[in-house]
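Trainee:
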Amino acid sequence: NAGVTQTPKFRVLKTGQSMTLLCAQDMNHEYMYWYRQDPGMGLRLIHYSVGEGTTAKGEVPDGYNVSRLKKQNFLLGLESAAPSQTSVYFCASSGHTGEKLFFGSGTQLSVL
Amino acid sequence: DAKTTQPTSMDCAEGRAANLPCNHSTISGNEYVYWYRQIHSQGPQYIIHGLKNNETNEMASLIITEDRKSSTLILPHATLRDTAVYYCIATSQTSYDKVIFGPGTSLSVIP
Chain A
1 NAGVTQTPKF
11 RVLKTGQSMT
21 LLCAQDMNHE
31 YMYWYRQDPG
41 MGLRLIHYSV
51 GEGTTAKGEV
61 PDGYNVSRLK
71 KQNFLLGLES
81 AAPSQTSVYF
91 CASSGHTGEK
101 LFFGSGTQLS
111 VL
Chain B
1 DAKTTQPTSM
11 DCAEGRAANL
21 PCNHSTISGN
31 EYVYWYRQIH
41 SQGPQYIIHG
51 LKNNETNEMA
61 SLIITEDRKS
71 STLILPHATL
81 RDTAVYYCIA
91 TSQTSYDKVI
101 FGPGTSLSVI
111 P
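Protein chains in written order, with this note's numbering: chain A, 1 to 112; chain B, 1 to 111.
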């Protein structure tokens with residue numbers, strides 16, 4: 001049982017480049033989330049999804065897009081990367097609202 | 001979601017109980033208290049949660065005051081592997097899709 005898997009684990013981009021982070025969960029969870037974590041700070045919610053085909057904005061959505069075409073996958077896209085998006089990105093999932101979150105191991109992204 | 005306040009950092013001697021406080025004075029009746037921890041740069045890990053009764057599992061105990069305005073996470077016999085950042089979150093089961101993590105408490109277990 002892999003739980004929540006994030007790919008890639010590390011990535012370096014140049015300003016203006018685009019990329020997609022993939023989150024996959026094998027627990028048949030309805031809810032999926034993308035967070036970012038900056039040094040010395042807690043996690044900030046970027047976008048979330050309450051089911052296949054649905055997405056919603058979180059606390060810091062600007063500069064990111066997401067898609068949930070399949071229940072098990074939640075993609076986070078950066079269309080034109082900026083240095084301010086240098087961060088560690090975490091994906092999480094939960095079975096239903098109110099249940100505990102399961103987190104992936106994170107993606108460390110550097111934008112030069 | 002109710003705002004939570006935690007100390008920035010704490011130390012605990014190895015083998016002793018670690019008591020991590022959390023203030024959530026604006027918590028509403030339908031909001032649960034959740035605790036997670038994050039070891040080094042790994043993804044956060046769920047520890048325990050409760051509504052108003054004290055809770056215990058294989059990892060920790062959660063003590064919630066009668067007025068529910070504060071709680072304490074207890075790690076009964078801290079080990080070096082418990083060194084981590086601990087997050088306290090107060091959230092309802094109808095707004096869990098908006099759960100927000102604050103800076104948490106950095107716990108250092110000292111040999």
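Virtual Cβ for every residue (Gly too), placed ideally from N, Cα, C.
Since this is a predicted model, take the numbers as computed values, not measurements.
#1: Have a look at B:62, B:68, B:78, B:5 and flag the residue whose alpha-carbon is nearest the alpha-carbon of residue 29 of chain B.
#2: Comparing the C-beta of residue 74 of chain B with each C-beta of chain A, is any distance below 8 Å?
#3: Decide if residue 12 of chain A is buried, meaning its Cβ has at least 16 other Cβ atoms within 10 Å, or exposed.
#4: Quick check: the Cα distance between residue 51 of chain A and residue 101 of chain B, rounded to an integer number of angstroms?
#5: Whole angstroms are fine: how far does the CA of residue 45 of chain B sit from the CA of residue 68 of chain A?
#6: For residue 5 of chain A, which residues from the same chain have a beta carbon less than 7 Å from its beta carbon, with the 5 sequence-adjacent residues on both sides left out?
#7: Who are the near neighbours of residue 75 of chain B in its chain, counting only those whose CB is closer than 6 Å to its CB and skipping five residues on each side?
#8: Based on the DSSP secondary-structure assignment, which residues constitute the bridge partners of residue 46 of chain A?
#9: Could you say which of A:15, A:8, A:29 lies nearest to residue 112 of chain A if we only look at CA atoms?
#10: Once the 5 residues before and after residue 45 of chain A are set aside, which same chain residues still bring their CB inside 8 Å of it?
#11: Give me the Cα-Cα distance between residue 102 of chain A and residue 111 of chain B, rounded to the nearest whole angstrom.
#12: Please decide whether residue 49 of chain B counts as near chain A, where near means a Cβ-Cβ distance under 8 Å.
#13: Can you give the Cα-Cα distance for residue 51 of chain B and residue 22 of chain B, rounded to whole angstroms?
#14: Check whether the Cβ atoms of residue 99 of chain B and residue 91 of chain B sit closer than 8 Å, and answer yes or no.
#15: Are there 16 or more other CB atoms within 10 angstroms of the CB of residue 10 of chain A, so buried, or fewer, so exposed?
#16: Going straight from the alpha carbon of residue 80 of chain A to that of residue 38 of chain B, what length do you get?
Mentor: Taking the definition as stated:
#1: Comparing Cα positions, the closest option is B:68.
#2: Residue 74 of chain B is outside the set of residues whose beta carbon lies under 8 Å from a beta carbon in chain A.
#3: With fewer than 16 other Cβ atoms within 10 Å, it is exposed.
#4: 22 Å
#5: 24 Å
#6: 24, 104
#7: Excluding positions up to five away in sequence, the list reads 18, 60, 82.
#8: Answer by DSSP bridge pairing: none, since residue 46 of chain A is not bridged.
#9: A:15
#10: 33, 34, 35, 58, 59, 60
#11: 30 Å
#12: yes
#13: As the crow flies, the alpha-carbon of residue 51 of chain B is around 14 Å from that of residue 22 of chain B.
#14: yes
#15: exposed
#16: 30 Å
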